[in-house]
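Enquirer: Have a look at this one before I ask anything.
Numbering (my numbering), first residue to last: 351 to 456.
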């Protein structure tokens with residue numbers, strides 16, 4: 351495994367979540383490069399169209415939040431916790447302590 355692939359795997363949320371099919375390391379590196387660029391463009395478009403009232407401070411916060419939602423919303427018992435999470439965000443609470451707490455709890 352090359353250093354660029356190890357670097358990509360070692361960092362959270364660097365490529366768009368999807369299923370990738372590849373036959374060799376070179377092809378995998380090309381996938382990483384293409385999907386890193388695609389994720390950057392996608393985040394730029396979404397971030398540019400977000401409402402002014404959105405309490406998120408960065409694209410990375412939005413990506414982490416989206417990841418949490420995708421992971422946790424599939425379990426209906428956790429929907430109330432997600433509701434509480436969004437409520438705290440809407441009250442302009444600092445996102446970082448909540449994020450760390452969620453990662454610890456789940």
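A virtual CB, placed ideally from N, CA and C, is assigned to each residue, including glycine.
1. Work out the CA separation of residue 385 and residue 391 for me, nearest whole Å.
2. Can the beta-carbon of residue 416 be found closer than 8 angstroms to that of residue 397?
3. Of the choices 353, 436 and 378, whose alpha-carbon is the least far from that of residue 403?
4. Could you spell out where the alpha helix (DSSP H) holding residue 388 opens and where it closes?
Expert: With the given structure in hand:
1. 10 angstroms
2. no
3. 436
4. 375-398
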